Amino acid sequence: GTRLIRPESVLLLEADRRYTAVHTGSERLLVSQPLAHLHRRLEEPPFVRIHRSYVVNLRAVRAHDRAEGQPCLRLDGFPERCVPVSRRRSGEVRGLLGIGDADPSQP
């Protein structure tokens, strides 16, 4: 069947082979469409491609962090998970989040 989901309830889109997992606060729904197709249907921002496998709702971001040396984002509804940000997109994501790089001359 077809299920309608309000865009504001979507926290994360995750590529899963030829499908996309749509994560809301309480559910993980598998959609038979590629990530790029779903991303084109959502307004940017707040939906931003942060990695070839992930699109996040910037309104759900609670922290910019690092895991195993890679930048990542912590989202509402996923406190234990840090969603990776590609190094190529890291600067853009930090800018959209209003996080400037620290001045190296400051302690």
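For the sequence shown, my numbering begins at 886 and goes up steadily by one.
No residue lacks a Cβ here, since even glycine has one placed at the ideal position from N, Cα and C.
Predicted, not measured: the structure shown is a model, and the values here were computed from it.
Identity of the residues DSSP links to residue i by a beta bridge
i: residue 950; result: 957
i: residue 913; result: 908
i: residue 924; result: According to DSSP, which records beta bridges pairwise, residue 924 is partnered with nothing at all.
i: residue 899; result: 906 and 939
i: residue 934; result: 940
Between the CA atoms of residue j and residue i - distance to the nearest angstrom
i: residue 892; j: residue 953; result: 31 Å
i: residue 992; j: residue 980; result: Note on residue 992: pLDDT 33, under 50, position unreliable in the model; no value is reported.
i: residue 936; j: residue 955; result: 12 Å
Buried or exposed by the 16-neighbour rule on C-beta atoms within 10 Å, applied to residue i
i: residue 896; result: buried
i: residue 964; result: exposed
i: residue 921; result: exposed
Under the three-state DSSP convention, the category residue i falls into
i: residue 929; result: coil
i: residue 891; result: coil
i: residue 968; result: strand
Own chain, CB closer than 6 Å to residue i, minus 5 neighbours either side, in chain order
i: residue 940; result: 898, 924, 932 and 934
Own chain, CB closer than 7 Å to residue i, minus 5 neighbours either side, in chain order
i: residue 904; result: 915, 916 and 917
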